[in-house]
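For the record, the sequence lines run as chains A and B.
Quick note on numbering: this note's numbering labels position 276 of the first sequence as 276, and the sequence is numbered without any gaps.
Every number in this note's numbering is 1000 more than the matching position in the second sequence, counting from 1.
We treat Cβ as the ideally placed atom computed from N, Cα and C, and that holds for glycine.
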Amino acid sequence: MSSAEAAPELDTPRAPAPDLLRGVQLSKFFVLPRGGLKKQRIVRAVQEASIEIAPGETVGLVGESGSGKTTLGRLLLRLVEPTFGQVWFDGREITHYHERDLRPLRRSLQVLFQDAAAALDDRLTVGEIVAEPLRIHDLTRQRTRALTRAKERERVAELLRTVQLPMELSSRRPAELSSGQCQRVSIARALALGPRFIVCDEPIASLDAVDQLRIVELLGALQREHGYSYLFISHDLRMVLHLSQRVLVMYAGRVVESGDARTLRERARHPYTRALLHAVPEVDPKRRRLRVLLEGEPPSPFEPTLGCPFHPRCPRALPDPCQREAPPLEATAPGGRHEVACWYPLV
Amino acid sequence: MPDAEPILRVRHLVTRFDPELGGGPEGRAVLNDVSFDVPRAGILGLLGESGSGKSLTALSILRLLPAGAHSVAGTIEFDGKNLLELPESELRELRGRGIAMIFQEPSSALSSVHTVGQQLAMALQASGQLGRMSWYESSRRASQTRACELLARVDLPDAKRVLDLYPHQLSAGMRRRVMIALGLACRPRLLIADEPTTGLDAPIQAQVLDLLLRLVREDGMSMIFITHDLCVVAEVATDLVVLSAGQVVEAGPVRQVLEHPQHAYTASLLDNIPGHRRKPASAPRDASAREVAP
Chain A
1 MSSAEAAPEL
11 DTPRAPAPDL
21 LRGVQLSKFF
31 VLPRGGLKKQ
41 RIVRAVQEAS
51 IEIAPGETVG
61 LVGESGSGKT
71 TLGRLLLRLV
81 EPTFGQVWFD
91 GREITHYHER
101 DLRPLRRSLQ
111 VLFQDAAAAL
121 DDRLTVGEIV
131 AEPLRIHDLT
141 RQRTRALTRA
151 KERERVAELL
161 RTVQLPMELS
171 SRRPAELSSG
181 QCQRVSIARA
191 LALGPRFIVC
201 DEPIASLDAV
211 DQLRIVELLG
221 ALQREHGYSY
231 LFISHDLRMV
241 LHLSQRVLVM
251 YAGRVVESGD
261 ARTLRERARH
271 PYTRALLHAV
281 PEVDPKRRRL
291 RVLLEGEPPS
301 PFEPTLGCPF
311 HPRCPRALPD
321 PCQREAPPLE
331 ATAPGGRHEV
341 ACWYPLV
Chain B
1001 MPDAEPILRV
1011 RHLVTRFDPE
1021 LGGGPEGRAV
1031 LNDVSFDVPR
1041 AGILGLLGES
1051 GSGKSLTALS
1061 ILRLLPAGAH
1071 SVAGTIEFDG
1081 KNLLELPESE
1091 LRELRGRGIA
1101 MIFQEPSSAL
1111 SSVHTVGQQL
1121 AMALQASGQL
1131 GRMSWYESSR
1141 RASQTRACEL
1151 LARVDLPDAK
1161 RVLDLYPHQL
1171 SAGMRRRVMI
1181 ALGLACRPRL
1191 LIADEPTTGL
1201 DAPIQAQVLD
1211 LLLRLVREDG
1221 MSMIFITHDL
1231 CVVAEVATDL
1241 VVLSAGQVVE
1251 AGPVRQVLEH
1261 PQHAYTASLL
1271 DNIPGHRRKP
1281 ASAPRDASAR
1291 EVAP
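(1) Is it a yes or a no for the segment 56 to 63 of chain A touching the segment 239 to 256 of chain A, going by three-plus beta-carbon pairs under 8 Å?
(2) May I ask you to report which of helix, strand or coil DSSP gives G1183/B?
(3) What are the residues that DSSP puts in a beta bridge with E339/A?
(4) Starting from the Cα of F197/A, find the closest Cα among R214/A, M167/A and F232/A and give me that residue.
(5) Could you tell me whether any Cβ in chain A is nearer than 9 Å to the Cβ of N1082/B?
(6) Please confirm whether D236/A has its beta-carbon closer than 9 Å to some beta-carbon of chain B.
(7) Does any CB atom of chain A fall closer than 9 Å to the CB of H1263/B?
(8) Going by DSSP in three states, S1089/B sits in which element: helix, strand or coil?
(9) Just to confirm before moving on: does the CB-CB distance between D1239/B and G1074/B stay below 9 Å?
(10) So, T1329/B versus V1030/B, is the Cβ gap smaller than 9 Å?
(11) Which residue from S258/A, L147/A, I53/A and D19/A puts its Cα closest to that of Y230/A?
(12) My understanding is that M250/A touches G23/A, with C-beta atoms under 8 Å, so please give their C-beta distance in whole angstroms.
(13) Output the boundary residues of the alpha helix (DSSP H) element that contains I187/A.
(14) G1252/B lies in the beta strand (DSSP E); which residues open and close that run?
(15) In chain B, which residues lie less than 8 Å from M239/A when you measure between Cβ atoms?
(16) Return the CA-CA distance between K1054/B and L1243/B, expressed in angstroms with no decimal places.
(17) Taking only the alpha-carbon atoms, compute the straight-line gap between V1254/B and R1040/B and give it to the nearest angstrom.
(18) Checking contacts by CB at 9 Å: is E1049/B closer than that to chain A?
(19) Note down the Cα distance separating D1158/B from A1067/B, rounded to an integer number of angstroms.
(20) In the DSSP assignment, what residue or residues form a beta bridge with I348/A?
(21) Along chain A, which residues have their Cβ under 9 Å away from the Cβ of D1239/B?
(22) Drop a sphere of 10 angstroms on the beta-carbon of S1222/B, count the other beta-carbons inside from all chains shown, and report buried for 16 or more, exposed for fewer.
(23) So for H1228/B, helix, strand or coil by DSSP?
(24) For the putative contact between A131/A and S186/A, defined by C-beta atoms under 8 Å, what is the C-beta separation to the nearest angstrom?
(25) Strictly under 9 Å for the Cβ-Cβ distance: is G1173/B near chain A by that measure?
(26) Output yes or no for whether 9 Å exceeds the beta carbon distance between D90/A and L21/A.
(27) Beta-carbon of L139/A versus every beta-carbon of chain B: anything under 9 Å?
(28) I'd like to know if L213/A contacts chain B, where contact means its C-beta is closer than 9 Å to some C-beta of that chain.
(29) Does P1203/B have its Cβ less than 9 Å from a Cβ in chain A?
(30) Counting only beta-carbon separations shorter than 9 Å, does E1235/B have a partner in chain A?
(31) Starting from D101/A, follow the alpha helix (DSSP H) in both directions and report where the run begins and ends.
(32) With DSSP as the reference, please indicate the residues paired to K151/A in a beta bridge.
(33) Using the three-state DSSP reduction, which class does T1015/B fall into: helix, strand or coil?
(34) For I42/A, collect the residues of the same chain with a Cβ closer than 6 Å to its Cβ; drop the 5 residues on either side in sequence, then sort them by chain order.
(35) Do you know how far the Cα of H1168/B is from the Cα of S179/A?
(36) I want to verify the contact list: residues of chain B whose CB lies under 8 Å from the CB of S65/A, in sequence order.
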């Protein structure tokens, strides 16, 4: 494994910055009500996931659909209540904050959804959508109503400029926009309140390749300018490794590996992370030779797997202990930031 | 060794929407002078952004265009017949058996009120493989044999159980496999797959691509593979056509196009792949040819 390639910003060890946002051993179980002849069922969406995000940092979260990525993002935003665990923001534990106390924090915690068109109210114009958070949080209040409206318009124009949308669009409605433009509108809305942390939940999954890169560039430029922290959720491991400083890999509700993006790219130790890396389609045929196809599908969230959740698909699984006990997430080296949950990690 | 004679030859295809739907007196042209060949036993990748005309090309070939759209010029030759001039009855014979399509979105292309077994039975019956039986009559018997075979071919485990399930009871990956099984039901010679792996997670996508490649090879089928994902097309296709705004902007063997893209759109797609470095030697192509012989 050569480390000769120049990527200095990833290599230099950062001083342990105080975390902006921290999730500690977060779990979320959903109880599906019994209906008709069906028994009550429990979905373990997230189990004992811990995550730290420093100011100005991008942390990537990858996993297949149903692995709990979105739920973990929502737990951090306090949009769903954790079953167990804690959420810390800016040095304060906010796990049990009431909605009233959360309100001021909501300005700092924003989210971009996967399907931007669906996340925008299609009866409002773009201008109204971007102005709505300003009104709710009363940020543009002036002495008179007319002055307030003028101030609001000014701020909306500024936000649309930031996301590189022409001002003419402010009177249009979401249905008239392309999916890339819709995502820009939802970015403008997220920026309206001057956030510090943005959960980007698959923000580019439904966009074309060219739009994808433009949105990614925009998010990067905004981060450099304003120091936002991002949690970048995606099923596209290549994109996540490209964008993030640190990456967490989730499988069946658990974090199975975490570490610096570069470490995961070059020295992933969990068989699942390796399989994800190899499953990505490659333009270069030479890189395809390593591919090992992962068989089967992820486990159903209703029927928790006994033992390691990955063992039914794992090429390395042994009856003992893989089928009996779930491996803990442990650092690969004492004090290191690379953690893996596997009884027999790859070397 | 691809045969010299392509299985499908599209020449100067123009497809327009009716003028009532906007776009001036002639109507909006969604495909403009599109020409390409699908090599026999080859896989043609059709690459482009959404709205570039990929799916409309496929629908033009099968003459399944939405209301208001018409192919107004050009030829589409399959087996020496121009599909654009074929009577509807002959075209019906051809659909499914000659050319089959795997539609993009399983959730809308599959019926949500019929079981997988019933849907397969309908396809088999429409192709005349079950004799004169109504689909509900035939679904029982078909489910025992041919439908099970089809599901087994697309690597669906436990085929007998899957036959009695409805699409919503399947995972996304399984629904794609059912779509593929439906496409294969009539043993087509040309398979058109419209974004068959879009929206799947990478490991499942790799499985489905692997499956498609194997099936095409086993049956000696030809395929048109429609996608917006350059990396996917690089994995599967032998030849590549790049569409942009209804026009072919680039065409050729896939390796050649990807190594020496001539069009800015293709080059920008290549540059947009994280971690991919395009060889800078795209311009002086002639100069490098001399260095080969010692």
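On the basis of the data shown:
(1) yes
(2) helix
(3) S258/A and A331/A
(4) F232/A
(5) no
(6) yes
(7) no
(8) helix
(9) no
(10) Outside the displayed span of chain B (1001 to 1294) sits residue 1329/B, for which this structure offers no information.
(11) I53/A
(12) Between G23/A and M250/A the Cβ distance is about 12 Å, and since that is not below 8 Å, they are no contact.
(13) S179 to L191
(14) Q1247 to P1253
(15) P1274
(16) 7 Å
(17) 16 Å
(18) yes
(19) 40 Å
(20) The structure shown does not extend to residue 348/A, since chain A spans only 1 to 347, so no value can be given for it.
(21) Chain A residues near D1239/B: none, gap ~15 Å exceeds 9 Å.
(22) buried
(23) coil
(24) That pair is no contact at about 14 Å.
(25) yes
(26) yes
(27) no
(28) yes
(29) yes
(30) yes
(31) E99 to R106
(32) Bridge partners of K151/A: none, in fact.
(33) strand
(34) F29 and V31
(35) 27 Å
(36) A1172 and D1201
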